[in-house]
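Start counting the sequence shown at 1; every next residue gets the next number (UniProt numbering). Quick reminder that beta carbons are idealized off the backbone N, C-alpha and C, glycines included. First the structure, in the form of structure tokens, and then the observations on it.
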Amino acid sequence: MSNSSNRGVVYKEPGKVAVESIPYPELAIGNRKCDHGVILKVVTTNICGSDQHMVRGRTTAPSGLVLGHEITGLVIEAGRDVEFIKVGDLVSVPFNIACGRCRNCKEGKTGICLNVNPARPGAAYGYVDMGGWVGGQTEYVMVPYADFNLLKFPDADQAMEKIQDLTLLSDIFPTGFHGCVTAGVGPGSTVYIAGAGPVGLAAAASAHLLGAACVIVGDMNEDRLKQARSFGCETIDLTQEGDMADKLEAILGEREVDAFVDCVGFEAHACGCNHGKEAPATVLNSAMQMTRAGGQIGIPGLYVTEDPGAVDDAAKHGALSMRFGLGWAKSHSLHTGQCPVMKYHRPLMQAILFNKIKIADAVNVKMISLDEAPQGYADFDGGAAMKFVIDPHGSAA
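This is the structure we're talking about:
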């Protein structure tokens, strides 16, 4: 098998990715055998907004990095220690790589596994500072700790019929849902979602699933706001001048929301006439202003420790100017970090399979081929109101 060919999406330099021949995966981690791993034939793999941070040159990602952490695939080879996942299984791969053995994994905190990244807690496929694991925007990929990590779909034929929905279980659907859960969203909640990219749209759909009374989505892109309105969200155009409390009051009759979800992250921009200027702490400060006293703020949006393209020296090292005293005075709780995908992916799979949510429609999935991936990156960066899903073998069409 090791002589088989493989291709993947490779980061070249800021603004440029390319599809190139890469090594076929082996059941190995460095120089040692990986008997707990499997090799997947990738069925679908999605372009993520967090990939764009790297491609825009806003991280320390090295040239040559094979991208992609949102993977769904078919098991074609399994290590000798894999007991429960079988060759032929169709599986969803959590973007977090987790050993299942460390203290954090045993507590369900799989986004900060202690054994899969020498540099820091937590790892992911194809991502800067996340352990050096080969990404999955490829034809084939190796997944370690397979029995612990992988979610097997109960019926492969049924799964292929819903693959455009199920492919979102590897990251953005659980991530959006986690943002809402950590923001305390429940029946009757009023919710503000900052950002109408794919994660923001997934969070908005998740808020509806959790029973929110009113979901308001703010963004600067009218096409993305239109997409949010397509499944029942209220929207606020952030390019327009005006006080956010006034805008909330016009929708809710109240000037604050119960729950706030930041789906923007560190490349945030100011609002109104300054919407073309970066202001990395603006969403966090807005969250504290717009959330009621005692409310919760979920922050699935990515914040980094090193941002070479930041607007000032402090932000280049992840130091942002937050009015934290306001959040303290209002007894807010703020929830950060990677989503622990395994906490949510099975119940969200069930919600998809039993038609409780149409998440692919909500985020506007568009299927593309592997060779179309560079154009997909360009279109996404240009503000396209869709989630690009790569079909490397043409099997998911």
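Three-way DSSP call (helix, strand, coil) for D379 in this model: D379: helix per DSSP, three-state reduction.
Just to confirm, is the Cβ distance from I216 to L248 under 9 Å? Contact check for I216 against L248 passes: the beta carbons are separated by less than 9 Å.
Tell me whether the beta-carbon of T235 lies closer than 9 Å to the beta-carbon of A213. Cβ atoms of T235 and A213: not closer than 9 Å.
Nearest-angstrom Cβ-Cβ length linking G136 and G68, presumed shorter than 8 Å: Indeed, because the Cβ distance is near 4 Å, the residues count as touching under 8 Å.
Along the chain, where does the alpha helix (DSSP H) containing L150 start, and where does it finish? Looking at the DSSP string, L150 is not in any alpha helix (DSSP H), and its letter there is neither H nor E.
Sort out for me which residues DSSP pairs T282 with in a bridge. Answer is none; T282 lacks a bridge partner.
Take every Cβ of the stretch 8-16, pair it with every Cβ of the stretch 45-64, and state whether three or more of those distances are shorter than 8 Å. Yes: the two stretches touch, three or more of their Cβ pairs being nearer than 8 Å.
How should W133 be labelled, buried or exposed, when 16 other C-beta atoms within 10 angstroms of its C-beta is the threshold for buried? Counting the other CB atoms within 10 Å of its CB gives W133 a total of 16 or more, which places it among the buried residues.
Neighbour-count burial assignment, residue 421, 16 or more Cβ in a 10 Å radius: Residue 421 cannot be examined here, being either before or after the span of the chain that is shown, 1 to 397.
Are the Cβ atoms of T44 and I390 separated by less than 9 Å? Less than 9 Å divides the Cβ of T44 from the Cβ of I390.
Could I get the ranges of all uninterrupted alpha helix (DSSP H) runs contained in the UniProt domain "Alcohol dehydrogenase-like C-terminal" (198-268), with 4 residues as the minimum, in chain order? Runs of the alpha helix (DSSP H) inside the UniProt domain "Alcohol dehydrogenase-like C-terminal" (198-268): 198-209, 222-229, 244-252.
CA-to-CA distance, P300 to V341, given in whole angstroms: Each residue's Cα considered, the two are about 12 Å apart.
What number of angstroms, rounded off, separates the C-alpha of V141 from the C-alpha of K41? Taking the straight line joining both Cα atoms gives about 7 Å.
Between A123 and I85, is the Cβ-Cβ spacing less than 9 Å? No.
Locate the beta strand (DSSP E) running through S92, then write down its first and last residues. It spans 90-93 - the beta strand (DSSP E) in which S92 sits, taken as one unbroken run.
Which whole runs of the beta strand (DSSP E) in the stretch 313-359 are 3 residues long or more, in chain order? Fully enclosed beta strand (DSSP E) runs of 3 or longer: 333-335.
Beta-carbon within less than 7 Å of Q227's beta-carbon, same chain only, minus the 5 sequence neighbours each way: which residues are those? Apart from sequence neighbours up to five positions away, the residues of its chain that approach Q227 with a beta-carbon distance below 7 Å are A196, L201, N364, A385, ordered along the chain.
Please list, in chain order, all residues of the same chain as R346 whose beta carbon is under 8 Å from its beta carbon, the five residues on each side excluded. A distance below 8 Å between beta-carbons, with the five flanking residues on each side excluded, links R346 to the following residues of its chain, in chain order: L151.
Just verifying my parser: in three-state terms, what is the DSSP assignment at R103? Helix, per DSSP.
Roughly how many angstroms lie between the CA atoms of E278 and K316, to the nearest whole one? Answer to the nearest angstrom: the Cα atoms are 13 Å apart.
Counted within 10 angstroms of its Cβ, other Cβ atoms place S21 as buried (16 or more) or exposed: When all chains shown are included, S21 counts as exposed.
Suppose the cutoff is 6 Å on Cβ atoms and the five residues either side in sequence are ignored; what does the same chain contact list for A310 look like? K316.
Between Q350 and I172, what straight-line distance do the alpha-carbon atoms span, to the nearest angstrom? Separation of Q350 and I172 (C-alpha to C-alpha, rounded to the nearest whole angstrom) is 16 Å.
Residue from E256, T72, L238, A194 whose Cα sits closest to the Cα of M160: Put simply, of E256, T72, L238, A194 the residue whose alpha carbon is nearest the alpha carbon of M160 is T72.
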